[in-house]
Each structure stands twice: as C-alpha cells, then as structure tokens.
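**Q** Numbering (our numbering), first residue to last: 392 to 576.
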C-alpha cells in the first residue's frame with residue numbers, strides 16, 4: 392500500500408474540520424481564492440483612491456462624489472444583473488473581474504488630476520457594488536443551499552482575510568510619497 396504524503400493528510404484533516412467534503416474541495420478552494428483576492432484588491436484600491444481624492448480634491452467635494460456613486464450604482468447593478476442572467480453567474484463574475492481590472496489599470500495610466508481622482512473614487516465604489524453580489528450569485532450557482540449553509544463560514548472568512556491582507560499598514564515614508572505611490576510601496 393502506498394504511504395500518504397503528510398501534507399495530503401493534513402489538507403484532508405483541515406478540510407474535514409471545516410466541513411468540506413471530498414467532492415467540494417476544488418469549488419471551495421476556488422471560491423475562497425476569488426473572494427480573498429477580490430476583497431484584498433478592493434481594500435488596496437480603496438486606500439489608493441482615498442489618498443488620491445484627499446490630496447487633490449477639496450473635502451467639501453466628498454458629498455458630490457458619494458451622490459455620483461449612489462446615482463451610478465443603480466444602472467450599474469441593473470447591467471450586472473442582466474449580464475448575470477445572460478452569461479450565467481460564473482461568466483458574469485469573470486467578465487466583471489476582467490473589466491474592473493482593465494478599468495482600474497486604464498485609470499492608473501491617466502495623469503493625476505482632480506477629475507481622475509473622482510473617477511477612481513467612483514469606479515472603486517461601483518466595483519465594490521458589482522463584484523461582491525456577483526460573487527454570491529456565483530456561489531449560489533456552484534453550491535446547493537445545504538452546502539452553502541455548511542460552507543458559508545469557511546468561504547466567507549476569505550473576505551476577512553482579504554480585507555486584512557489588502558489593507559496596507561501605514562509606513563513613515565508614505566508621507567513623503569505622491570498619493571499614487573502609496574498603493575504600490
């Protein structure tokens with residue numbers, strides 16, 4: 392009989408401890424990874440957007456920015472829902488993740504102006520409003536209601552871990568850097 396690699400035994404024991412059954416491991420790992428990376432990236436992006444906005448736009452403009460996010464969230468959510476119905480939750484989430492990445496990368500190539508700061512701020516708000524609900528729609532397609540009740544804790548813990556991992560710790564040298572550099576140092 393072949394001896395089991397110690398790491399495999401550890402993974403199996405850990406999965407069993409979390410209530411993950413044999414046929415669910417891959418789906419749980421993918422779901423955990425997607426949520427962790429999405430929340431970590433969003434937390435990092437929020438830090439950068441705050442630095443950009445507060446360095447280039449008067450604080451009194453924050454109200455206008457929040458109104459913009461609120462007004463644009465409704466049509467964005469409608470478009471997201473239509474994409475989910477047309478493409479399915481998995482493809483809609485994939486398209487949204489790629490589109491969000493492309494939009495953020497594109498915004499990052501623009502010169503830093505107050506308009507770009509507002510654009511990045513609004514874009515970040517809309518990305519959060521779309522990706523998290525799409526992730527949970529994806530979960531609803533991948534798992535049954537019984538599985539979700541059992542696996543919600545282990546998978547949703549990725550959101551907490553991603554939030555902590557993506558929230559940068561302030562470093563003294565940040566105060567000497569331009570706002571754009573704070574998300575990448």
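We put the beta carbon where it would ideally sit given N, CA and C, even for glycine.
May I ask you to verify whether the region 405 to 418 touches the region 509 to 524, counting CB pairs closer than 8 Å and requiring at least 3?
**A** They do not touch, by the three-pair rule.
**Q** Using the C-alpha atoms, what's the distance from residue 470 back to residue 463?
**A** On the chain shown, residue 463 is found 72 positions in, with the first residue counted as 1. On the chain shown, residue 470 is found 79 positions in, with the first residue counted as 1. The alpha-carbon atoms of residue 463 and residue 470 are separated by roughly 11 Å.
**Q** Kindly indicate which residue of 534, 523 and 529 has the alpha-carbon position closest to the one of residue 550.
**A** In the chain shown, the residue the question calls residue 550 occupies position 159. Cα-wise, what sits closest to residue 550 is 523.
**Q** How many Å lie between residue 425 and residue 448 at the Cα?
**A** Here residue 425 is taken as the residue at index 34 of the chain shown, counted from 1. Here residue 448 is taken as the residue at index 57 of the chain shown, counted from 1. The straight-line gap from Cα to Cα measures roughly 33 Å.
**Q** Please classify residue 484 as buried or exposed, where buried requires at least 16 neighbouring CB atoms within 10 angstroms.
**A** The count along the chain shown starts at 1 and reaches residue 484 at position 93. It is buried - the Cβ of residue 484 has at least 16 other Cβ atoms within 10 Å.
**Q** Can at least three beta-carbon pairs, one atom from the region 470 to 482 and one from the region 523 to 540, be found at a separation below 8 Å?
**A** A contact exists between the region 470 to 482 and the region 523 to 540.
**Q** Decide if residue 414 is buried, meaning its Cβ has at least 16 other Cβ atoms within 10 Å, or exposed.
**A** For the purposes of this step, residue 414 is taken as residue 23 along the chain shown, with counting starting at 1. The residue is exposed, with fewer than 16 neighbouring Cβ atoms inside 10 Å.
**Q** Could you round the C-beta distance between residue 418 and residue 533 to whole angstroms and report it? I think they count as a contact, below 8 Å.
**A** In the chain shown, the residue the question calls residue 418 occupies position 27. In the chain shown, the residue the question calls residue 533 occupies position 142. Confirmed, about 5 Å.
**Q** Do you know how far the Cα of residue 442 is from the Cα of residue 499?
**A** For the purposes of this step, residue 499 is taken as the residue at position 108 of the chain shown. For the purposes of this step, residue 442 is taken as the residue at position 51 of the chain shown. Using only the alpha carbons, I get a separation of about 13 Å.
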